[in-house]
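Colleague:
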Amino acid sequence: MRRYKGLKRRRRPLKIRQQVVATQKQFIRGVILLLGITLLIIFVFGDHGLLQLYKMKRERATVQAHIVQLRKEREKVTAEKNRLENDLQYIEKLARERYRMVKPGEKVYKVISKKTEN
176 MRRYKGLKRR RRPLKIRQQV VATQKQFIRG VILLLGITLL IIFVFGDHGL LQLYKMKRER
236 ATVQAHIVQL RKEREKVTAE KNRLENDLQY IEKLARERYR MVKPGEKVYK VISKKTEN
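First residue of the sequence shown: 176, per our numbering; consecutive thereafter.
1. List the endpoints of the continuous alpha helix (DSSP H) containing Met231.
2. Looking at the structure shown, is Lys289 part of a helix, part of a strand, or coil, going by DSSP?
3. Three-state secondary structure (DSSP) at Arg275?
4. Do you know offhand how far Ile242's Cα is from Leu210's?
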C-alpha cells in the first residue's frame, strides 16, 4: 500500500460522472417500470386476479339465483304433495279435470266449439 501512497486516484470528469448517474437512474426507473407492469399483469390476469374474481362473482350470482328458483319449486312441490295427501276435494277435482272421471250416476256433456270462418 505504501507504494501507491504518493499516487492520487484520478476522478472522472464531472460531465461523465453526471452521465453515469443519469444512466443508472434511467436503468433503475426502467427496472421498476418493468416490475410494475409485470405485477399489474399478474394482478389483473393471473389465476387469482381481478378478471378471475369478476367471473367468479358473476357465476356465484347465477348459482344463487338458480338456488332460489329451486327452493321455490321445492316449496310448490311440497305444497302439492300435502294437498294430495290431505285434501280429498282437490284429489276429486284433479280426477275430474285430468282423467275425466265421473261419479256413478253423473252424466258427462262434451262441448264442441264451432270453428269461426273468416
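Think of the CB as a built atom: it goes at the ideal place given N, C-alpha and C, for glycine as much as any other residue. It should be emphasised that the depicted structure is a prediction, and the values quoted were computed from it without experimental measurement.
Modeller: Taking the geometry as given:
1. On the sequence shown, position 56 is the one that residue 231 refers to. For Met231, the enclosing alpha helix (DSSP H) has its first and last residue at Leu225 to Asn261.
2. Locating residue 289 in the sequence shown gives position 114, where the first residue counts as 1. In the structure shown, Lys289 adopts coil according to DSSP, grouped into three states.
3. In the sequence shown, residue 275 corresponds to position 100, counting from 1. Look at Arg275 here: in three-state DSSP terms it is coil, with no helix or strand label.
4. In the sequence shown, the residue the question calls residue 242 occupies position 67. In the sequence shown, the residue the question calls residue 210 occupies position 35. The C-alpha of Leu210 is placed about 43 Å away from the C-alpha of Ile242.
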